[in-house]
Every structure is written in C-alpha cells, then in structure tokens.
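Asks: The following block contains the structure, expressed as structure tokens.
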Amino acid sequence: MTKLLLITAGIVAIAVLLLALKLLIKGDARGPMTHIGASKAMRERGIHCVESMDAIERHQLAHRAHAKEILKD
35 MTKLLLITAG IVAIAVLLLA LKLLIKGDAR GPMTHIGASK AMRERGIHCV ESMDAIERHQ
95 LAHRAHAKEI LKD
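Sequential numbering of the sequence shown, starting at 35, is according to the working numbering.
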C-alpha cells in the first residue's frame, strides 16, 4: 500500500514540476486563459460566462425598474 502511495506521489510531483517548468520556459508566468469570454469561438456562438450574463441581466433589470418608476410618476 505504501509503495502505491509513493508511486502516486512521485507521479504527481513530476507533473507539478513539468507544469512549473513549462511556465518558466514560456516566460509570461501565466497559465492558459480558461475564461469563456476570452474564447473567440464561444463569443461567435453567443456564449458568455455566468458572471458576464449576470451583470448584463442586472443592468437590464435596473433599467426596467427605473422605467417603471418614471411611468408611475
């Protein structure tokens, strides 16, 4: 059992070292961009991240509420 644990820990350590090496060689010290809004293909399909969609809907809701207040007066 401990042999399996050591092998697993070794594999994970090697993977982490290789990822760190990739970031050091690449030079910009940033990982890949995983934000959906940054993907051109997703934007073309009209797919946005949840945070962006929520912000858009809140903005639209605020305008609708403001318009209702104006119409009441």
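Where a beta carbon is used, it is the ideal one built from N, C-alpha and C, also for glycine. A quick note: this is a predicted structure, and the numbers were derived from the prediction, not measured.
For my contact list, Ile81 and Ile90 are in at a C-beta cut-off of 8 angstroms; report their separation, rounded to the angstrom.
Replies: Incorrect: roughly 13 angstroms between the Cβ atoms, too far for contact.
Asks: Which two residues bound the contiguous alpha helix (DSSP H) that contains Thr42?
Replies: It spans Thr36 to Lys60 - the alpha helix (DSSP H) in which Thr42 sits, taken as one unbroken run.
Asks: Using only the alpha-carbon positions, how far apart do Met87 and Thr36 sit?
Replies: Each residue's Cα considered, the two are about 48 angstroms apart.
Asks: Can you grab the Cα-Cα spacing for the pair Arg77 / Ala99, in whole Å?
Replies: So the two alpha carbons sit approximately 29 angstroms from each other.
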